[in-house]
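Beneath this line is the structure, given in structure tokens, with notes to follow.
Number of protein chains: 2
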Amino acid sequence: MTIPNLNIVPFVSVENMMKLVLEIGVDRFLTDLAAYIEEDFRRWDLFDKTPRVASHSHDGVIELMPTSDGQLYGFKYVNGHPKNMREGRQTVTAFGVLADVGSGYPMLLTEMTILTALRTAATSAVAAKYLAPKGADTMAIVGNGAQSEFQATAFKALLGIDRLRLYDIDGSASRKCAANLKGQGFDITICKTAQEAVEGAHIITTVTADKQYAMILTDNMVGTGVHINAVGGDCPGKTELHRDILLRSHIVVEYPPQTRVEGEIQQLAADHPVTELWQVMTGKAPGRDDQRQITLFDSVGFAIEDFSALRYVRDQLRTIPRYDELDLLADPDEPRDLFGMLLRQATKQTA
Amino acid sequence: MTIPNLNIVPFVSVENMMKLVLEIGVDRFLTDLAAYIEEDFRRWDLFDKTPRVASHSHDGVIELMPTSDGQLYGFKYVNGHPKNMREGRQTVTAFGVLADVGSGYPMLLTEMTILTALRTAATSAVAAKYLAPKGADTMAIVGNGAQSEFQATAFKALLGIDRLRLYDIDGSASRKCAANLKGQGFDITICKTAQEAVEGAHIITTVTADKQYAMILTDNMVGTGVHINAVGGDCPGKTELHRDILLRSHIVVEYPPQTRVEGEIQQLAADHPVTELWQVMTGKAPGRDDQRQITLFDSVGFAIEDFSALRYVRDQLRTIPRYDELDLLADPDEPRDLFGMLLRQATKQTA
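For the record, the sequence lines run as chains A and R.
Take the first sequence: its position 36, counted from the start at 1, is 36 in this note's numbering, and no numbers get skipped.
Take the second sequence: its position 280, counted from the start at 1, is 1280 in this note's numbering, and no numbers get skipped.
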């Protein structure tokens, strides 16, 4: 019998996360993670849900996103600082923790910058499974930054989307995206305008990064029957779609109290009807019920998706042990004797 | 010029925290930390304040405690599980993060089980500086668990309290406390009842651990002129003092919206007058104004104290580099190229 080291918490560094993703394979990782997300959304009622706890400042926001299913507790720390890009930093960085509700002890600490990119793409693809028109094979991606390749890969893995139409105000971003996706079975067209990108697309993904009200899509650009996967409008004051598009769309969201403040629907009245993604998944509400309908997944990212990602990584580490052991928790021999542990350390040091 | 490694976050393990505390010295650590706490309480208005974000379950609670002064952001993860003690685990474990508000990047990750014990004691001693009767030299400590020696040491370092009267329902806890404090200049009496412990004490510290309404002190046990340092009543449904004691006391709290829910004053009407510690420190409200007055510091622990502790540790690490470097943040060469970083890792692995 091994005595557990109660002080140790497994830690997945950025390098180990990359190794884990590559050993599993990006496509399988996204597909399996999507299944975990769907599983958790299907048991929506079990979760302790709260809008993220945000600390806003001039340059950005720092957020904590906690949730629990009663057995496990997870939270993510994540920032959003658009100006970071110009200083060679990530707009969004994140890390997260999974803990045991029974003891309150953390069970896993992991980088979540890469993991968030994966879970965001997996969530978009899961939503599109229910909302995209039948036979969709072409996706426009407007905004070709850090999230774009993950979106493309998830939509290919889960929905078989293999024709991409890329647009970014910075052409080098589109070329970077196309280069990264080369040789992975995509037919890629780089477009000169957003208007050109959406032509013939069955799915339109908007994923730009500026923290401001923007008009990435105007009403005339969106024809009947498309599915819009709106990923970039994800904090107060940041939207990507013209309001008129929203008024024509069947709108699906993750968690209304959060999306009303952060999503595209911040442009609409507080009581504008929206459907929750978990309701669509469980058949409590319709997804797409007409091939001519415009569907809109107004994605802002919710704590349960991070919880699913933490849970998935925890399960994978059992067979692919890509982690370090972190001496994070004080573990005196006698639990009431924290001070004595300090005294014994002093003795050790002078010995 | 050195190029900063943007992926690296300094990490203070439990072992390094012990080394840091011992190299600085417990007394000086507590005194210096108390000064940081006082400095932050004196600029109270600058802080983004919110009650902790709690996830309650049958066996305990997991909490996130964020705050920011506009330049730095800090949060602590902390659990409270009274049953843990019986399973050889800590009732309370914690870790925390300090981050740069400008970029949202974490600057420090540290164990906070030991650090919380130190900051709780330092906060109690700071409050007592303003509230304890003049000439106080004797303190009763009711509850001799993990926090007791830290309280004793802080009160000696900051107020010169050197006579202790210990009581715990488990006598072995009192003996452990006395043994740990041996040779540090205390005159210690182990008492058979709480009644006996409070006799002749100028300061009464209550710091028991059970998660329930308890009656550690009854009204008749508390004479005029004492200062009560009530540390153990710190979550909904957990109190230590008889309500009548509160009605006779000048009550000082950290942050009313949190203390009304978690502290001893959860027994009182929601509008019962209380004084905030920062007001006492800045002279906006009286501390003790009569030697016969009963003062009560109804301590529940507030995020700003953890912020001060994180800030203090960050400053100490500049000269005493007791930390490891954690590969916590993804840092691609081109910030928009997170996916490309993954591809290059794949190339590295097959090379």
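The beta carbon of each residue, even a glycine, is placed where N, CA and C say it ideally should be.
Coarse secondary structure for residue i, derived from DSSP in three states
i, result
"N1005 of chain R", "coil"
"C235 of chain A", "strand"
"E334 of chain A", "coil"
"D1327 of chain R", "strand"
"E199 of chain A", "coil"
"A346 of chain A", "helix"
"M341 of chain A", "helix"
"R1322 of chain R", "coil"
"R1052 of chain R", "coil"
"K1076 of chain R", "strand"
"M1065 of chain R", "strand"
"P10 of chain A", "strand"
"V261 of chain A", "helix"
"F1029 of chain R", "helix"
"P353 of chain A", "What the structure shows of chain A is the stretch from 1 to 351, and residue 353 of chain A is not part of that stretch, so it cannot be assessed."
"D1045 of chain R", "helix"
"T1123 of chain R", "helix"
"P1132 of chain R", "The residue you asked about is not Pro; residue 1132 of chain R is Ala in the sequence shown. Of the three classes helix, strand and coil, the one that applies to A1132 of chain R here is coil, per DSSP."
"R314 of chain A", "helix"
"R86 of chain A", "helix"
"S57 of chain A", "coil"
Contacts of residue i in chain R (Cβ-Cβ under 8 Å)
i, result
"Q345 of chain A", "E1015, M1018, K1019, L1022"
"P335 of chain A", "N1084, M1085, G1088, R1089, Q1090, T1091, A1146"
"K134 of chain A", "Ordered by position in chain R, no residue passes the 8 Å Cβ test against K134 of chain A, which lies about 29 Å from the chain."
"N180 of chain A", "D1337, F1339, G1340, L1343"
"Q349 of chain A", "K1019, L1022"
"A117 of chain A", "L1338, F1339"
Own chain, CB closer than 7 Å to residue i, minus 5 neighbours either side, in chain order
i, result
"A230 of chain A", "T206, E240, L241, E264, L296, F297, D298, S299"
"Y36 of chain A", "S308, R311, Y312"
"C177 of chain A", "N144, S148, E149, L166"
"P1332 of chain R", "L1338, G1340, M1341"
"M1 of chain A", "Because M1 of chain A carries a pLDDT of 34, less than 50, the predicted location of this residue cannot be relied on, and the following value inherits that uncertainty. Correct list: empty, nothing qualifies."
"V1405 of chain R", "What is shown of chain R runs 1001 to 1351, which leaves residue 1405 of chain R out entirely."
Chain-ordered chain A contacts of residue i [CB-CB under 9 Å]
i, result
"I1062 of chain R", "P66, S68, Y73, F75, A99, V101, G104"
"T1193 of chain R", "Near T1193 of chain R there are no residues of chain A at all, since even the closest Cβ is about 20 Å away, more than 9 Å."
"F1317 of chain R", "One detail in the question is off: residue 1317 of chain R reads as Leu in this sequence, not Phe. Correct list: empty, because the minimum Cβ distance to chain A is about 16 Å."
"D1059 of chain R", "V101, G102, S103, G104"
"A1122 of chain R", "Residues of chain A passing the Cβ test: none, with the nearest at roughly 14 Å."
Proximal chain A residues relative to residue i, where beta-carbon distance stays under 8 Å
i, result
"V1053 of chain R", "T50, V53, L64, P66"
"T1113 of chain R", "L329, A330, L338"
"N1079 of chain R", "A99, S103, G104, Y105"
"K1176 of chain R", "E334, R336, D337, G340"
One or two residues paired with residue i in a DSSP bridge
i, result
"E38 of chain A", "Looking at the DSSP assignment, E38 of chain A forms no beta bridge with any residue, so it has no partner."
"V252 of chain A", "A:T275, A:F297"
"L22 of chain A", "The partner list for L22 of chain A (beta bridge, DSSP) is empty, contrary to what the question assumes."
"F1095 of chain R", "R:Y1077, R:E1111"
"D1100 of chain R", "R:L1072"
"L241 of chain A", "A:L217"
Own chain partners of residue i with C-beta closer than 8 Å, once the 5 adjacent residues on each side are dropped
i, result
"T138 of chain A", "I161, R163, L164, R165, G200, A201, H202, I203"
"Q1184 of chain R", "T1153, K1156"
"E196 of chain A", "R165, Y167"
"I1003 of chain R", "Bear in mind that a pLDDT of 47 at I1003 of chain R, under 50, signals an unreliable position, so the number given afterwards is only what the model happens to contain. Cβ within range, chain order: n/a, list empty."
"T116 of chain A", "K76, V78, V92, A94, G301, D306, A309"
"R171 of chain A", "Note on identity: in this sequence residue 171 of chain A is Gly, with Arg being the wrong assignment. Cβ within range, chain order: I190."
Residue i: contacting residues in chain R (beta-carbon distance under 7 Å)
i, result
"E149 of chain A", "F1339"
Contacts around residue i, its chain only, beta-carbon distance under 6 Å, and the 5 residues preceding and following it disregarded
i, result
"E1023 of chain R", "I1320"
"K83 of chain A", "D59"
"L108 of chain A", "P10, L98, R314"
"T275 of chain A", "V252, A285"
Residue i: contacting residues in chain A (beta-carbon distance under 7 Å)
i, result
"N1007 of chain R", "V14"
"A1173 of chain R", "R336"
Neighbour list for residue i in chain R, Cβ cutoff strictly below 9 Å
i, result
"F95 of chain A", "V1009, V1097, P1106, L1109, L1328, L1329"
(message) List, from N- to C-terminal side, the beta strand (DSSP E) runs of 3 residues or more that fit wholly inside the region 135-163 of chain A.
(response) 138-142
(request) Go through the region 1165-1230 of chain R residue by residue and report every complete run of the alpha helix (DSSP H) that reaches 4 residues or more, in order. (result) 1171-1181, 1194-1198
(request) Run through the region 1265-1306 of chain R for me and flag every whole alpha helix (DSSP H) of 4 or more residues, listed as ranges in chain order. (result) 1277-1281
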